Amino acid sequence: MTEEEPMDISLEDSFHGNSGKTHLNATIATTSPSRKERKHISSFEAQYQYHTRNIDIPKLQRQIHKEMPFQSNKIYGSPQSTGKTYTRIRNMGKKQNSPPKKRRRSDDTEECDEGEDKKKSLRAQGKKKSGIFYNNSGKMGLWIVLIAAFFVLRFGIHFQSCSPKFDLTKLHSGLQQYVFGQHIASGIVETAFQMYFNHSAQRNHTDIAPFVLSFHGWTGVGKNLITSIIVNSFSKQRVQMFLVPLHFADPLKNSEYASKVPIWVKSNITLCNVNIFIFDEIDKAPSGVIQGLHDVIVDLRNLHLNETWVIFLLLSNSRGGSINKKLFSEVASGKTRDSITMEDIIPVITDSSEDEWYGKLLKDNIIDQIVPFLPLTYEHVKLCIKRDVLRKQKKFSENVMNSVLEELNFFTPQDQSEKYSYTGCKRVSDKVDLHLSKNEF
């Protein structure tokens, strides 16, 4: 048996020298190599056989990774996952000053590398597609930006040009074309609105007080007609109409109405707009409604509104009979109807009015303008019939007009020849529809 030569441990000494620097204390092999192995140690094949015979490299590498995870790759390579040739240990006895080249890792870490690569790829894609145009949250952000831009353009421009958009010409033409026998009421309404908005413009639409008009007259004389003409004189308005016998029917709820009317009014006021509140048949209102109306108008005056207009139209039959008697008296004295002025009629409404529903409103200067309506004559009703037929785009005929007139009631005051209508033009439209349908058949 051939005697084996002593093992050359120069490499091992070199390794221990390096291990001190890296704080490693490991043994390369458990047995000494033979002479035959030592002769071929320099070759790649010998190293492969030498190391794979006694060293469990993956196990050793895992141990080193635990101890020195940042420096272990400087010493050991990794086997390929397919079982191909292992990367040999390089320059174990040399001092490694330069950074090592990037090497492949072992089977245990290769799957992690693949996962890391996928994450990096996804992050790269995320960076490319980051922003409001790609991800879901970004889409929401884009919509928010677009909506905000819309509101800025839509309402920002609107606020810059905030004005009542009141058409005085339209108001004038409407009163002249559709209202008959109400020269006093038409003149007051046109002048009052012109002055109100001229005053608003002079103050640059700031410190605006509410505008209150009280319409007084007999049934069917045109109070609702003029109200609709006023509303249509604005290109942009918000209208709230209360029919008092319907909306405030319970006279026992005075305290509730007094507290809720201001809330209802204020909650329906829109900034930079014309807000019109119509109270029809307000002479039938419980006292709580009048008190609530009084309070909210006072509050609105104290607010000094800017670019916001609030208009109250109060419609009633109050003192309608007194207005009629005054007209008959003036005509009997020799005056013509058209020569009678507002100064002749308004005192009939305002004098001794403390017990009327509007008495406290007048006393506290809540009402800006009293608007009286005169009774309509037989000739005025004929004009109403003709206007209604043409408005419905039907052919006018004397037969239809006479048939309607026969169904309406008129009276003649004492010592006068002029006939007056009990209901004005209130029932005209329904009668016209009935007789037009008869003629068609």
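Under the UniProt record's numbering, think of the first position of the sequence shown as 1, with each following residue one higher. All C-beta atoms in this analysis are idealised placements derived from N, C-alpha and C, irrespective of residue type, glycine included. Keep in mind it's a predicted model, so treat the numbers as computed, not measured.
Assuming residue i is part of the beta strand (DSSP E), what are its boundary residues?
{"i": "ILE311", "result": "309-316"}
{"i": "PHE279", "result": "274-280"}
{"i": "LEU243", "result": "237-243"}
Among residues of its own chain, excluding the 5 on either side of residue i, which ones have a beta-carbon nearer than 6 Å to its beta-carbon?
{"i": "TRP357", "result": "ASP283, ILE290"}
{"i": "LEU383", "result": "PHE180"}
{"i": "LEU213", "result": "LEU313, GLN369, VAL371"}
{"i": "THR308", "result": "LEU271"}
{"i": "GLY292", "result": "TYR257, ALA258, VAL261, PRO262"}
{"i": "ARG337", "result": "none"}
{"i": "ASN254", "result": "PRO286, SER287, GLY288"}
{"i": "GLN240", "result": "ASN268, PHE277"}
{"i": "LYS236", "result": "LYS165"}
Identify, in the order they occur along the chain, each residue of the same chain with its Cβ nearer than 8 Å to the Cβ of residue i, setting aside the five sequence neighbours on each side.
{"i": "residue 445", "result": "Residue 445 lies beyond the stretch modelled for the chain, which goes from 1 to 441, so this question has no answer here."}
{"i": "LYS84", "result": "Confidence at LYS84 is low in this model, with a pLDDT of 44, below 50, so its placement is unreliable and no value can be given for it."}
{"i": "LYS363", "result": "GLU354"}
{"i": "GLY187", "result": "MET342"}
{"i": "GLY321", "result": "TRP218"}
{"i": "ASP430", "result": "none"}
{"i": "HIS294", "result": "LYS360, LEU361, ASP364, ILE366"}
{"i": "PHE242", "result": "PHE248, PHE277, ILE278, PHE279, ASP280"}
{"i": "CYS162", "result": "HIS205, CYS272, GLU307"}
{"i": "VAL436", "result": "Val is not the amino acid found at residue 436; the sequence shown has Leu there. Taken in chain order, the residues that qualify are VAL389, LYS392, LYS394, VAL400."}
{"i": "ASN317", "result": "HIS216, GLY217, TRP218, THR219, GLU281, ASP283"}
{"i": "ASP250", "result": "PRO286"}
{"i": "VAL432", "result": "ILE385, ASP388, VAL389, LYS392, VAL400, VAL404"}
{"i": "SER200", "result": "PRO164, ILE208, TRP309"}
{"i": "TYR178", "result": "LEU225, ILE229, ARG387"}
{"i": "THR412", "result": "GLU418, LYS419, TYR420"}
Hey, residue i and residue j are a contact pair by Cβ (cut 8 Å); roughly how many whole angstroms apart?
{"i": "PHE312", "j": "PHE277", "result": "5 Å"}
{"i": "ILE385", "j": "VAL428", "result": "6 Å"}
{"i": "VAL296", "j": "LYS266", "result": "7 Å"}
{"i": "ARG301", "j": "PRO210", "result": "6 Å"}
{"i": "ILE345", "j": "ILE323", "result": "6 Å"}
{"i": "LEU374", "j": "CYS425", "result": "That pair is no contact at about 13 Å."}
{"i": "ASN198", "j": "ARG238", "result": "Rounded, the Cβ-Cβ distance is 22 Å, inconsistent with contact."}
{"i": "HIS216", "j": "ARG319", "result": "5 Å"}
{"i": "ILE226", "j": "ALA185", "result": "6 Å"}
{"i": "THR405", "j": "THR423", "result": "Before going on, a small fix: residue 405 reads as Leu here, not Thr. Contact doesn't hold; Cβ gap of about 12 Å is too wide."}
{"i": "SER378", "j": "LYS326", "result": "Position check: residue 378 holds Tyr in this sequence, whereas Ser was assumed. In fact, because the Cβ distance is near 20 Å, the residues do not count as touching under 8 Å."}
{"i": "GLN416", "j": "VAL331", "result": "7 Å"}
With which residues is residue i paired in a DSSP beta bridge?
{"i": "LEU146", "result": "Paired residue(s): none; LEU146 is not in a bridge."}
{"i": "LEU305", "result": "ILE208"}
{"i": "SER421", "result": "PHE410"}
{"i": "PRO372", "result": "HIS216"}
Got a sec? Which residues, its chain only, sit under 7 Å from residue i by beta carbon, not counting five neighbours each side?
{"i": "PHE133", "result": "Confidence is the limiting factor: at PHE133 the pLDDT is only 44, short of 50, which leaves the residue's position unreliable and the question unanswerable from this model."}
{"i": "PRO245", "result": "GLU281, LYS284"}
{"i": "PHE396", "result": "LYS386, VAL389, LEU390"}
{"i": "GLU190", "result": "LEU171, HIS172, LEU175"}
{"i": "LYS223", "result": "PHE215, GLY217, LEU315, PHE373"}
{"i": "TYR196", "result": "PHE211"}
{"i": "SER403", "result": "HIS435"}
{"i": "LEU305", "result": "ILE208"}
{"i": "LYS438", "result": "none"}
I need the boundaries of the alpha helix (DSSP H) containing residue i, first residue and last residue.
{"i": "GLU406", "result": "398-406"}
{"i": "ARG387", "result": "378-391"}
Task: alpha helix (DSSP H) segments (min. 4 residues) lying fully within the region 310-370 - done: 320-332, 342-350, 359-363
Task: Ranges of the alpha helix (DSSP H) found wholly within the region 170-254, counting only runs of at least 4 - done: 183-202, 223-231, 244-247
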